[in-house]
Amino acid sequence: MSVQLWTYLFVFLSFSLYIGIAVWSRAGSTHDFYVAGGGVKPLVNGMATAADWMSAASFISMAGLISFLGRDGTYYLMGWTGGYVLLALLLAPYLRKFGKFTVPAFIGERYYSQSARLTAVFCAIVVSFVYVCGQMQGAGIVFSRFLEVDITTGVIIGMAIVFFYAVLGGMKGITYTQVAQYCVLIFAYMVPAVFISLMMTGNPIPQLGFGSELTPEYGGGYLLDRLDGVSEQLGFGTYTEGQKSTQDVFFITAALMFGTAGLPHVIIRFFTVPSVRDARRSAGYALIFIAILYTTAPAIAAFSKVNLMNTVNNAEYVSMPSWFSTWERTSLIVFDDKNGDGRIQYVGDPETNELTVNRDIMVLANPEIARLPNWVVALVAAGALAAALSTAAGLLLVISTSISHDLMKRCLAPHITEKQELRYARMAIFVAVLIAGYFGINPPGFVAEVVAFAFGLAAASFFPAIVLGIFYSRMNRQGAVAGMVTGFSFTAAYIIFFKFLSPELSNASHWWFGISPEGIGTFGTILNLIVALSVCKFTAAPPEEVQTIVRNIRLPGEHIEPSKPAI
Amino acid sequence: MSDKNARSYWQANVRIVLRLLCVWFFISFGCGILLADFLDQFRIGGFKLGFWMAQQGSIYGFVILIYVYIRQMDKLDHQYKLDQTQSADSSDTNIEEQS
Numbered sequence: 000m001s002v003q004l005w006t007y008l009f010v011f012l013s014f015s016l017y018i019g020i021a022v023w024s025r026a027g028s029t030h031d032f033y034v035a036g037g038g039v040k041p042l043v044n045g046m047a048t049a050a051d052w053m054s055a056a057s058f059i060s061m062a063g064l065i066s067f068l069g070r071d072g073t074y075y076l077m078g079w080t081g082g083y084v085l086l087a088l089l090l091a092p093y094l095r096k097f098g099k100f101t102v103p104a105f106i107g108e109r110y111y112s113q114s115a116r117l118t119a120v121f122c123a124i125v126v127s128f129v130y131v132c133g134q135m136q137g138a139g140i141v142f143s144r145f146l147e148v149d150i151t152t153g154v155i156i157g158m159a160i161v162f163f164y165a166v167l168g169g170m171k172g173i174t175y176t177q178v179a180q181y182c183v184l185i186f187a188y189m190v191p192a193v194f195i196s197l198m199m200t201g202n203p204i205p206q207l208g209f210g211s212e213l214t215p216e217y218g219g220g221y222l223l224d225r226l227d228g229v230s231e232q233l234g235f236g237t238y239t240e241g242q243k244s245t246q247d248v249f250f251i252t253a254a255l256m257f258g259t260a261g262l263p264h265v266i267i268r269f270f271t272v273p274s275v276r277d278a279r280r281s282a283g284y285a286l287i288f289i290a291i292l293y294t295t296a297p298a299i300a301a302f303s304k305v306n307l308m309n310t311v312n313n314a315e316y317v318s319m320p321s322w323f324s325t326w327e328r329t330s331l332i333v334f335d336d337k338n339g340d341g342r343i344q345y346v347g348d349p350e351t352n353e354l355t356v357n358r359d360i361m362v363l364a365n366p367e368i369a370r371l372p373n374w375v376v377a378l379v380a381a382g383a384l385a386a387a388l389s390t391a392a393g394l395l396l397v398i399s400t401s402i403s404h405d406l407m408k409r410c411l412a413p414h415i416t417e418k419q420e421l422r423y424a425r426m427a428i429f430v431a432v433l434i435a436g437y438f439g440i441n442p443p444g445f446v447a448e449v450v451a452f453a454f455g456l457a458a459a460s461f462f463p464a465i466v467l468g469i470f471y472s473r474m475n476r477q478g479a480v481a482g483m484v485t486g487f488s489f490t491a492a493y494i495i496f497f498k499f500l501s502p503e504l505s506n507a508s509h510w511w512f513g514i515s516p517e518g519i520g521t522f523g524t525i526l527n528l529i530v531a532l533s534v535c536k537f538t539a540a541p542p543e544e545v546q547t548i549v550r551n552i553r554l555p556g557e558h559i560e561p562s563k564p565a566i
Numbered sequence: 000m001s002d003k004n005a006r007s008y009w010q011a012n013v014r015i016v017l018r019l020l021c022v023w024f025f026i027s028f029g030c031g032i033l034l035a036d037f038l039d040q041f042r043i044g045g046f047k048l049g050f051w052m053a054q055q056g057s058i059y060g061f062v063i064l065i066y067v068y069i070r071q072m073d074k075l076d077h078q079y080k081l082d083q084t085q086s087a088d089s090s091d092t093n094i095e096e097q098s
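Residue numbers (numbering that gives the first Met the number 0), protein chains in the order written: chain R, 0 to 566; chain V, 0 to 98.
Structural data, given as structure tokens:
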């Protein structure tokens, strides 16, 4: 069977599964729709969280990014996993105890203020929208490459599927489809990795394989030593050594960690488990499921880099295998024979380099480059779609609950019935899917960039406000709002200046303390903390009932009524 | 649960979190970034140690950290009888002696 036929088969099977689950788990109440009835088992929630979290970027782009960044690629790996330690220790159990549906609901009640709630609604919607457009675009690329339909059709199919199960099942439908999607995506990610690891090193475990010796057909010697040697020789810099400045890597890692812990679509997953203990356990499961992919990604990065260099460097253009021309057609590979010798020179110096490789194909084309069977190639397509759709669904739910619950029910129309609220939630998803689809088809040039910055913004706004809200009971409305506004605007200004207004100045000599716009969120977080704490010092303490809320969320177990004098 | 008990429970909770966050900082920012070049002189198999910590070890460390946290919090909850389906007021007595 051809790759295309296999792809149709896998995509059809997986999509029928998602739709079947959606029909089976219809949501009847807002409680079902927002938090899946609140009875999700920790293991199930852990799996769903992992699928929710691992997006098209994790699945398609990350290994490629690492293979071009070498050791510096670490900031994605540590940033996107280390954030879970913060989430588990500082946020998840307490927010679960708080027991509401959304992140803006926490901010609004803890800081006893509608303007704080609305600020949070605004941040949640902006961050989620930017993100969801990227997912739609990812789905479009996969459809167009593997099913050879055009990107527009691809995006529309993706939209229809997500729309169907998100609108029907809300959080309940999303939870169980995410479990299925996790299984599909992790299988699709691991199978090629295991194959390639076996082929190149004889070790079936990719995590160990990339620290092993190459088999004699590949020339023997440790894989990483070979990679270092070839990279240096071609002028790319040593693979296992850092190229960026230490403080920049430090700040980017921190910004990604704080951002991970502050992203609303991940936080709301912890509202679906029955108790505080389950929230802790569920964070543990989530990180295990995520770590399986995240420890495999650097292995894939190293394997595919070696493979790519072996295949292309100084080889004749006409003798390139068939995947080369397939990907050339999508212009993700571009060959420009500068010296006219008919051979590919793939080197670090941009003057003489003749090959441009888009980082995304390192995962998508990897099975073809390694000459794996057709069904493995097709599996990767199904996995990438699972990753994109699962994250898109989680994000759409954040947008929908922010609008129906926080904006309508809590602000604009407090008297609506539960049925009406549910209808608003479904309408909000519908509109959000349409807008996301539009941007997936007509991507504004800056989506990819902004996605990375969404972390900086989440880090500089949500993270400090939530942590202070839990750990510092005297933190008041004035301090929190001032902190969020300062952190968000400072980070946004720095990013907009260097990325959109004066991109020509964006280099280490103009950056403050050598921190790139990607890492500035850390600075924004610190600024937020300083401003919040100092404003809080000079303004009145929060009212007694708010301090009772704080005392309450610090204790696991059943809710204690605020009317009781002592807890 | 009395006010005093709630306070001491919370202090114990914060101590656990702070201790674990120190380890978190050390394995990620410490070993993976600040000390990575220094650690690179040691090797395990084909990995330089600093590189391995940055791309593998720190992630395993994070998983272990969360599990240590779950265990320590379970113990603490048990100590303060917060793990039973709570009837907080009836369990007030005796907790101070245990903790």
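Using N, Cα and C, we set each Cβ at its ideal position, and we do this for glycine too.
- Neighbourhood of P555/R in chain V, by CB distance below 7 Å: D76, L81, in chain order.
- Under the 9 Å criterion on CB atoms, E216/R is classed as non-interfacial with respect to chain V.
- If you draw a straight line from the Cα of A282/R to the Cα of L88/R, it is about 9 Å long.
- Close to chain V, meaning a Cβ-Cβ distance shorter than 7 Å, are the following residues of the region 71 to 87 of chain R: T73, L76, M77, T80, G81, Y83, V84, A87.
- In this structure T355/R is exposed. Its beta-carbon is surrounded by fewer than 16 other beta-carbon atoms within 10 angstroms.
- Nearest Cα to N527/R within the set V362/R, L395/R, M77/R, A479/R: A479/R.
- With contact defined as three or more Cβ pairs closer than 8 Å, the region 12 to 30 of chain R and the region 351 to 369 of chain R are not in contact.
- Inter-residue distance for G486/R and R279/R is about 29 Å (C-alpha atoms, whole angstroms).
- Assigned with DSSP and collapsed to three states, T521/R falls in helix.
- L94/R sits in a helix when the DSSP states are folded into three classes.
- Assignment of T252/R by DSSP, reduced to helix, strand and coil, places it in the helix class.
- Here I402/R has A427 as same chain residues with Cβ atoms under 6 Å from its own Cβ, once five neighbours each way along the sequence are excluded.
- Considering only beta carbons, the part of the region 266 to 299 of chain R lying closer than 8 Å to chain V consists of R276, R279, R280, A282, G283, L286, I287, A290, Y293, T294, P297, in chain order.
- Among the residues facing chain R, S27/V is included, as its CB has a counterpart in that chain under 9 Å away.
- When secondary structure is reduced to three states using DSSP, Y130/R falls in the helix class.
- Near chain V, meaning a CB-to-CB distance below 8 Å, the residues of the region 232 to 252 of chain R are T239, E240, G241, T245, V248, F249, T252.
- If you draw a straight line from the Cα of L384/R to the Cα of G341/R, it is about 37 Å long.
- If you check the CB distance, F209/R and A290/R do not come in under 9 Å.
- In the three-state reduction of the DSSP assignment, L197/R falls in the helix class.
- For E544/R, no chain V residue has a Cβ inside 9 Å of its Cβ, as the nearest lies near 16 Å away.
- In the three-state reduction of the DSSP assignment, Y423/R falls in the helix class, which pools H, G and I.
- In the DSSP annotation of this structure, the continuous segment of the alpha helix (DSSP H) that includes I65/R starts and ends at 61 to 68.
- Residue environment: R95/R is assigned as buried (16 or more neighbouring CB atoms within 10 Å of its CB, all protein chains considered).
- Residue I494/R holds the alpha-carbon nearest to the alpha-carbon of L456/R among V466/R, I494/R, M61/R.
- Going by C-alpha positions, F470/R is about 14 Å away from A5/V.
- Counting only the Cα atoms, A301/R lies some 10 Å from D227/R.
- With fewer than 16 other CB atoms across the displayed protein chains lying within 10 angstroms of its CB, F537/R is exposed.
- Counting only Cβ-Cβ distances below 9 Å, S57/V has contacts in chain R at T73, L76, M77, T80, G81, in chain order.
- Around the beta carbon of D149/R, a 10 Å sphere encloses fewer than 16 other beta carbons of the protein chains shown; the residue is thus reported as exposed.
- Counting along the chain, the unbroken alpha helix (DSSP H) around F323/R starts and ends at 321 to 328.
- Each of S274/R, L8/R, S244/R was checked against the Cα of G556/R, and the nearest Cα belongs to S274/R.
- At least one C-beta of chain V is nearer than 9 Å to the C-beta of L222/R.
- Contact note: R550/R reaches chain V through A5, using a C-beta cutoff of 8 Å and chain order.
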